[in-house]
Amino acid sequence: MDPSQVVAPDLFDAIVAPGVLLPLVMANAMSPRLWRMGRKVAQADDPLEAARRVVDTSFTHLQPQRVAEIQGYLDLDGERRRLGAAAVDRAIADIDAGWDARRARGLLGDDDDLQDVIATGRFPAYTYANVDVIAAARRAPGGPGQRPRGLTSCLDEAALFAALLLSAPKVTARLDGIAMLASDLHCTVFGWTGNQAWWLWSKRDLFTHEAFAERVEVHHGGDRRDAIDAMMSAPIRRIVSRRGSLDSLAGTSSLPPDEVQRTLEAIKGFFGVLPRGLDTPMDHLRFTPPSAHDALFTRAVTCDSAEEVQGVVRATHAGGGADAAAATEALVAFRSLEVPDLMPYLDAARRAPGFGLAVARASGGAPPASPDDVLRIAAAPDDGAALGDASRMALPDEVLARGSCSPPERALLLHVLLEQLGDAPVRTVITDDDAVTRMGDLAVRASTGARVDAAAVGLDGPALAHAAAA
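Numbering (the numbering used here), first residue to last: 2 to 471.
Structure representation (C-alpha cells):
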C-alpha cells in the first residue's frame with residue numbers, strides 16, 4: 002500500500018487497497034474530539050444505537066452531485082494509471098450496474114447525472130479522512146449554506162462508528178466480531194456476539210436481526226436477497242476487519258481461514274442468505290499474512306482515552322518491526338508530523354482533487370501565474386493550525402477550506418502552488434515550529450512570509466522533509 006493512500010484515500014484507493022480503512026479507524030480513535038463525541042456511548046443502555054446517533058447527528062451525508070460541487074472530480078484515466086486500469090474498470094462496471102438497478106427501483110432523482118459524468122471520464126471526488134479533518138470544514142468560509150457541517154460519506158461514517166466503539170472498551174470486549182462489509186457503492190458495519198448480530202446500514206439505520214427481518218417482510222415481500230440487493234446496490238466485494246481484508250473478486254484474503262468461516266457464518270445467520278459477492282465458494286481464496294494492525298488494535302481497545310491510544314501508537318511506532326509499520330500508517334492517517342518520511346503528505350497534496358477548486362475560490366478564478374500570485378494565496382489563511390494541533394498536517398485544499406493554518410501547513414500550500422508554476426524544483430524543510438520553502442533563488446519562511454537566503458534550504462534530499470534531513 003502506497004503511504005500517500007493512507008493520508009487521504011479516495012473511493013478507488015478504498016476499493017483497490019481496503020487496508021486503508023484500518024489506519025483511518027485508528028486515527029479516529031487517537032482523536033480527543035472522537036472521544037468527546039462518544040463519551041456517553043459506553044454508559045448508554047444501548048451503546049450501539051448511541052454510537053449510531055452520534056454519527057447521524059454530527060455529520061452531513063453528501064450525495065454524488067454535492068460531492069462534486071464541493072470537492073471536485075477524480076480523473077478516471079489518472080486513477081487507472083495510478084491504481085491499474087483493470088481494478089478501476091471493474092469498480093466502474095459495478096457502480097454502473099448498481100446505478101441502473103437503483104434507477105429501475107425508482108431510487109434516483111430526475112436530476113441524477115452520475116452515469117453521464119462517468120461517460121466524460123470523471124467521478125465525484127469521494128475522499129476520506131479522520132474526524133478532525135472532517136470537522137475542520139465546519140468553520141469553512143462561506144457559511145453552512147455553502148458547506149454543510151461535517152461532510153461525510155458512507156465509508157467515513159463506517160470508520161467513525163467503528164472508532165466510537167473502539168473508544169468504549171466495555172462494548173468491544175463483548176463483541177465476538179466486527180467487520181466492514183463493502184460493495185463498490187456502499188460501505189456498512191456488521192458485528193455479532195454469539196447468535197445476536199447487528200448491521201449498521203447507514204448513519205440513520207442500525208438493524209438488529211428482528212428489525213432486518215421486518216424490513217424484508219414490509220418492503221420486499223419476504224425476499225431476503227432482494228432486500229440485500231436493494232440496500233447494497235452492488236455485490237459485496239470486501240470484508241475488512243482488524244486482522245485484514247477479504248476481496249471476493251480478487252480471491253485474496255489476509256483474514257485467516259477460521260475468521261473467514263466464522264464471519265460468513267455470522268453474515269448468513271443474520272441475513273438468512275449470503276449476499277451477492279459472498280455467495281460463491283471460498284475454497285479458491287489465496288491467503289496472505291494477517292494485517293499487522295491487529296496487534297495495534299489489541300492494545301488500543303484497552304485504552305480509556307485518546308491520549309492513551311496515541312501513546313500506544315507512538316510506542317509501537319518506536320518499537321520497530323511490522324507492528325511499527327502499522328503504527329506509522331496510523332500516524333500518517335492521523336496526519337502527524339512525528340513520522341520520519343513526510344513525502345506521503347506532499348504526494349497526497351499534489352493529487353488532491355479539490356485543490357484546483359480551492360485555489361480558484363481563493364484567487365477569484367484565475368490560476369496563479371507568478372510567484373507573487375502564489376505568495377498572495379499562501380498568505381491569505383489566518384494563523385492557527387487547521388486541525389487545531391500544530392504537530393499535525395492538513396493538506397492545502399483543507400487549509401484553504403478551513404481558512405487557517407500552521408507554518409508547516411502554509412509551507413505545504415506554498416510548495417504545491419509553486420510546483421504548479423513549473424519554473425524550477427521546489428523543496429521545503431520543516432523545523433519544530435516553522436518551515437522554509439525554496440524554488441530557485443526564492444526562499445520563503447512560512448511563519449512570517451518573509452523572504453530569506455535561499456541557501457537556508459539545500460536542494461538535495463526529499464522535496465518535503467524535516468530540517469534535519471536538509
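No residue lacks a Cβ here, since even glycine has one placed at the ideal position from N, Cα and C.
As the structure is a prediction and not an experimental result, all values here were calculated from the model.
For residue i and residue j, what's the separation of their Cα atoms in angstroms?
i	j	result
L413	G320	29 Å
S59	V42	14 Å
H210	V190	14 Å
A159	M181	7 Å
D461	L338	21 Å
G389	A137	8 Å
A455	V437	9 Å
H467	V427	15 Å
D295	P125	32 Å
A293	D324	5 Å
E309	A301	8 Å
D117	L297	43 Å
R439	V375	13 Å
V17	D435	36 Å
V55	R37	11 Å
R205	L49	12 Å
E479	R352	The structure shown does not extend to residue 479, since the chain spans only 2 to 471, so no value can be given for it.
V340	Q311	13 Å
A350	V217	44 Å
Y346	E70	24 Å
Mind checking residue i: buried by the 16 CB within 10 Å criterion, or exposed?
i	result
V430	buried
R106	exposed
Q6	buried
H318	buried
H416	buried
K171	exposed
R53	buried
V219	exposed
T299	exposed
D46	exposed
G99	buried
A108	For clarity, residue 108 is Leu in the given sequence; the question names Ala instead. The residue is exposed, with fewer than 16 neighbouring Cβ atoms inside 10 Å.
A9	buried
T329	buried
D384	exposed
S371	exposed
P145	With a pLDDT of 40 at P145, under the threshold of 50, the predicted position of this residue should be treated as unreliable, and no value is reported.
Q44	exposed
Q72	buried
A120	exposed
D284	exposed
T281	exposed
P368	exposed
Terminal residues of the continuous beta strand (DSSP E) containing residue i?
i	result
A436	436-440
R244	Per DSSP, R244 belongs to no beta strand (DSSP E) and is neither H nor E.
G192	188-194
R1	Residue 1 is absent from the model: the chain starts at 2 and stops at 471.
F208	206-209
H294	No beta strand (DSSP E) contains H294, which is instead part of the alpha helix (DSSP H) from 294-301.
K2	Going by the sequence as given, residue 2 is Met instead of Lys. Run containing M2: none; DSSP gives neither H nor E here.
H467	465-467
P125	123-125
L182	178-183
S203	197-203
D76	74-76
What are the boundary residues of the alpha helix (DSSP H) that residue i is part of?
i	result
D374	372-380
Y346	344-352
G476	Residue 476 lies beyond the stretch modelled for the chain, which goes from 2 to 471, so this question has no answer here.
S59	48-59
M233	225-233
T429	Run containing T429: none in the alpha helix (DSSP H); it sits in the beta strand (DSSP E), 427-431.
L415	408-422
E399	397-403
R175	It is not in any alpha helix (DSSP H) - R175 carries neither H nor E in the DSSP assignment.
Q311	307-320
G39	Element bounds for G39: n/a, residue is neither H nor E.
D90	86-105
Counting only C-beta atoms, is residue i closer than 8 Å to chain C at any point?
i	result
T153	The chain inventory of the structure shown lacks chain C, comprising one protein chain alone.
Return the Cβ separation of residue i and residue j in integer angstroms, given the expectation that the two are a contact with Cβ distance under 8 Å.
i	j	result
D354	Y129	The question names Asp, but residue 354 in the sequence shown is Pro. Actually they do not touch by this definition, with Cβ atoms about 12 Å apart.
I179	G195	Actually they do not touch by this definition, with Cβ atoms about 14 Å apart.
E260	S242	7 Å
S254	F288	5 Å
Original post:
With contact counted as at least three CB pairs below 8 Å, one residue from each stretch, are the segment 26-36 and the segment 354-365 in contact?
Top reply: no
**OP:** For the segment 196-204 and the segment 84-94, state whether three or more C-beta atom pairs, one from each stretch, are separated by less than 8 Å.
**Re:** no
Original post:
Do the segment 418-428 and the segment 386-394 touch if we need at least three Cβ pairs shorter than 8 Å?
Top reply: no
**OP:** Inspect the CB distances between the segment 402-412 and the segment 442-460 and report whether three or more fall short of 8 Å.
**Re:** yes
Subject >> Touch test, the segment 247-256 against the segment 153-167, Cβ-Cβ under 8 Å, three pairs minimum >> reply: no
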